[in-house]
Every structure is written in structure tokens, then in C-alpha cells.
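Everything on this sheet refers to the single structure shown next.
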Ligand code: ADP
């Protein structure tokens, strides 16, 4: 009995100490936000924050070796470890009759956002459209915010799954940056003005030191404005296109329809032989939906940013959320997400941490209603780590082109008449016969063969061109030889399809792992 009492007492003390630590973390966070606002010149916002906390932040100083971003990250990691979920900073929103401030989603979306809202079907739906739609206090996936006490007006809460239909109507969810924005709103700055004012804060320029550097790297090397690939640029692959549209394009265009059981997949795996158009599909999503496109070759994350790769992943997802709707394209996934157990001991510690971070970030996406999609591509799906595979719920086989698709490709790249550098190139080709000959070739193989076939007549005129440069006479009119079916067949003889032998393996894997 005595022993039982003792152990309960110890547990109670430990819990109390834990709670105190959490409170301390919350307070230091607010102090940091306060000073950060002051530092950025948002005096009114800082004053508002101070008033809301009853002067609780003004009296403290932040030591100069503390970095807001790092503290936030640490706090989030701590929260994640403790509760298996990230914290969300929240504040009370205006009651009816009180002054209403624009929601974060309404201000953070850039005008580029192409999301086209349906006529409002469910008024409580957060459309994330950037068209001024009102943000609800809960997500339609039944996520709501557990009200928690706070002595600061701002409070920290975990996201919980709520029973269907249950809402916490007077709370709104926002992250750390959102909290700062809310504080600015609280200072009574009008919304148009605020969009301009908020830029430096909500953007990553406000970040300090290391994280800002990484954000710059991500923006420079990884972020593409528009990859400029249209659906019609992708030849064949009708099934894959349809599945990708269903999984990513429509949820972005018509978010109202994709709620509850239909809530969109956040992770998509495109797998199949190399050179079949996986990258093209990802780029088409980004172009057609005008999402921000982050293009990452997994192996380059590891090789280029070895030590920093884990932080880089984190910044990447942060930026993607900030620029949402976004697609993150992870190419060559198997090179970074190979099965972990198999490389025990030999695996680089940094790369192990990066994998974990990638998994954590994917979990974060799955729980949020941010429109950020991860499209991963792999040529060797059977080598993928199972934990990663589970998070890529939707798997789409991008297979070798069918005979009609091969025919369409050859006639696309080698039409009867084309112009190359001002010189006419003519072809007389039996497209159907050539397509039959090219069974097992990938789109990229076919393109290379077409290029080689077109190169042959060009090669023949080099001599004439070179000798012409030596004398000063006028350039003779150049006539290229016509490319014939026989020429093309000759090219095919000298090339080999790169992935024919693997096809059986893909279909076997498809049978075992296909999601739907
Ligand atoms: P991967 O599946 O390895 O990501 P890519 O999408 O990068 O392959 O394709 C490589 C190149 O091959 C493309 O840039 C394109 O020129 C050509 N290609 C492959 N498949 C197709 C296709 N279905 N339609 C048009 N071009 C294709």
C-alpha cells in the first residue's frame, strides 16, 4: 500500500515537472515572438501581443544566442515525441459582432493560386482557395482543436480526431507564423495593408541563420515556377494520367468534394521503368494546377547536403506549406528510402535521420489539410522502405508505352516534315511498322532513337559545312537527306530497350502492392 502511494507520488511529481517544462516552453516561445515582432519593426503587433498576455512577455529578455526558428523546431519536435503530433498555436477568433479579421488561408495564398472553387457546397468547408473563402474553425476531416487553458491568450493545443460533425467553433488553427500574423491582425491593421506587411514575416526572409540559408538553397535549386508540361505533351499513359488527375488534380481544383472518406491522398508513388514519363506526369500536375513545384532528386539531397539533409527536408516541407498548393516531387526515391534494415551498420547516420524526418513530415501532411502533395517516383519500388511505402498510399504504375503510344511518339518526334535550325528535315516512315519493332522501348528510348535517326542526314552535311567555312563563298542551300524506314530500322538495331526485362517484375509488384 505504502509502496503504491510512493509510486503514485513520484508519478505525480514527474507529471507536474513535465507540465512546468511545457509551460516554460510556451512562455519562452511567446517572448521570442514578441521580440521577433519588435525586431522586424511591427511595434503595434508586439504591443498587442504584450497586452494580450497581460504584460507577460515585455518583462523578459531573450538571450542573443537563441534563434526563434530553432526554438520553434525544438518545441515542435519535443511535442511530437511526447504526443506523436505537432502542436498548433491558436488564438480565439472574433465572436459575432466583433471585428473580423481575414483568415490566414485567405491571406497567405498568392494570387497565382489556381484553385477554382465550386459554388459553396458546404459552407463550413475550408476551400484553401485563396479567393477569400472563410476559414472554418475545424477541418472537414473531423479534425478539431481541443480547447485548452492559456494564461497568455494564445494557447498551444494538439490536433485531435473529433467525432463526425463535432466542431470547436470559436477556435481557429494556425501555426507559428499564423500566430504572428494573428498578432498583427490584432493590432488593427487593415487586411490589404497587412498582406504587404506580412510578407517579410510569413516569408522565409524573416528566418535567421542556418535555416534561411537552407530556404535559399531550396528556393534556388529545387523550386520551379512552372515546369511547363501540359497533359497533351504526355503521349499515351491514359490510365496513369486519369489516376493522377483523380488523386491530385481534382482535390486541388474541387477541394469541397474531397472531404471525409474522400479526403485526398497526400502521398503518391509513380513507379515503373526509367524514362516512361513519371517526371513528366509530376510536372504536368504542377503546370496544370499551377501548384508550386519542388523538384528533388533524392540522391542529390544526400550527396549535396549530407549533414544538412534532414534540416533541408524540413525547410522544404515548410516552404511547400507556405506556398501551398504545392507538389513535392521526390525523384529516385529508392536511392534515399531504401529498406532501412538491410543497410544496418553501413548506413550513414545523417541519411538515417533524413529518412526519419521525411517520414515525420509525410505524417504531418497526412494529418493536415494543407494542399501539399508528395509525388514520389521510383524505378525500383521493391527496394523501398516499407514505412515510406505505407505513407505513399496511392501507387500508380507508369508502364512502357503501348504500340499506339509508340507510334504516336515516333510521328511526334519525326513528323513527315520538320524544321531543324532553319533546315527542312523530311521523313518517309512506316510509323506502324516501326512502333511494332520498338516493343519494350521506353518513351525516352524512342526519343533517343528518333534523335539518332534525325542526326544521320545532318551528320552527312557536316563535312560540306566545315569545308565551306574555309573558303569565303556563299553558303550553299542545304538539303538534308530524307529519313526512311530502313534508316530508322538501322538505328533500332544499334539500340537496346533499357527496361524490357524488368517489366515482369513491375507487374508482379503491382499485383502485390497496388493500392486500388
Ligand atoms: P522518368 O519516368 O524516368 O521520370 P521522364 O518523365 O523523365 O522519365 O522521361 C524522360 C524523357 O522521355 C522525357 O523528357 C520525354 O522526352 C520522354 N518521354 C518519356 N515518356 C514520354 C511520354 N509518355 N510522352 C512524351 N515523352 C515521353
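Numbering (the numbering used here), first residue to last: 7 to 522. Here a beta-carbon is modelled for each residue, glycine too, at the ideal position from N, C-alpha and C.
Inset, instruction - For residue 425, write down the residues that DSSP places opposite it in a beta bridge. - result: Residue pairing by DSSP places residue 425 opposite 430 in a beta bridge.
Legend entry - Proximal residues to residue 288 (C-beta, below 6 Å), its chain only, five neighbours per side dropped: Once the five neighbours on either side are set aside, the close Cβ partners of residue 288 are 335, 381.
Inset, instruction - State buried or exposed for residue 281, treating a residue as buried only when at least 16 other CB atoms are found within 10 Å of its CB. - result: Using a 10 angstroms sphere on the CB of residue 281, the tally of other CB atoms reaches 16 or more, which defines it as buried.
Legend entry - Residues that residue 530 bridges to, as DSSP identifies them: The first residue shown for the chain is 7 and the last is 522, placing residue 530 beyond what the model contains.
Legend entry - CB contact flag (residue 278, residue 519, <7 Å): Against a cut-off of 7 Å, the Cβ pair of residue 519 and residue 278 comes out as no contact.
Legend entry - Opening and closing residue of the beta strand (DSSP E) in which residue 337 lies: Segment 332-337, the beta strand (DSSP E) holding residue 337.
Inset, instruction - State buried or exposed for residue 11, treating a residue as buried only when at least 16 other CB atoms are found within 10 Å of its CB. - result: Flag for residue 11 reads exposed.
Inset, instruction - Could you tell me whether any non-hydrogen atom of the ligand ADP is closer than 6 Å to the CB of residue 284? - result: Yes.
Inset, instruction - Taking 7 Å as the cut-off, decide whether the C-beta atoms of residue 243 and residue 400 are in contact. - result: Not in contact: residue 243 and residue 400 (Cβ atoms no closer than 7 Å).
Inset, instruction - With DSSP as the reference, label residue 504 as helix, strand or coil. - result: For residue 504, the secondary structure class from DSSP, reduced to helix, strand or coil, is coil.
Legend entry - Cβ-heavy atom distance, residue 240 to the ligand SAH, below 6 Å: No copy of the ligand SAH appears in this structure; the ligands present are the ligand ADP.
Inset, instruction - Go to residue 299, then tell me how far its beta strand (DSSP E) extends in each direction, as first and last residue. - result: Unbroken beta strand (DSSP E) run through residue 299: 298-303.
Inset, instruction - Check whether the Cβ of residue 243 lies closer than 6 Å to any heavy atom of the ligand ADP, and answer yes or no. - result: Correct: residue 243 has its Cβ closer than 6 Å to the ligand ADP.
Legend entry - Through-space distance from residue 264 to residue 430, alpha-carbon basis: Between residue 430 and residue 264, the alpha-carbon positions lie close to 50 Å from each other.
Legend entry - Beta-carbon spacing of residue 467, residue 415 below 7 Å: Contact: no.
Legend entry - Range covered by the alpha helix (DSSP H) that runs through residue 259: 256-259 is the span of the alpha helix (DSSP H), which, as asked, contains residue 259.
Legend entry - Cutoff 7 Å: residue 499 Cβ touching any chain D Cβ: Here there is only one protein chain, and chain D is not present.
Legend entry - Beta-carbon spacing of residue 383, residue 314 below 7 Å: Result no, Cβ atoms of residue 383 and residue 314 do not sit closer than 7 Å.
Inset, instruction - Check whether the Cβ of residue 422 sits closer than 6 Å to any heavy atom of the ligand ADP, and report yes or no. - result: No.
Inset, instruction - Just mark residue 145 as buried or exposed, buried being the case when its beta carbon has 16 or more other beta carbons within 10 Å. - result: Caution is warranted here: a pLDDT of 36 is assigned to residue 145, below 50, making its placement in the model unreliable, and the coordinate value is therefore given only provisionally. Residue environment analysis places residue 145 among the buried positions, since at least 16 neighbouring C-beta atoms fall within 10 angstroms of its C-beta.
Inset, instruction - Return yes when the Cβ of residue 240 is within less than 7 Å of the Cβ of residue 377, no when it is not. - result: Not in contact: residue 377 and residue 240 (Cβ atoms no closer than 7 Å).
Legend entry - Reference residue 296, options 237, 316, 317, 246, closest by Cα: That would be 237, whose Cα lies nearest to the Cα of residue 296.
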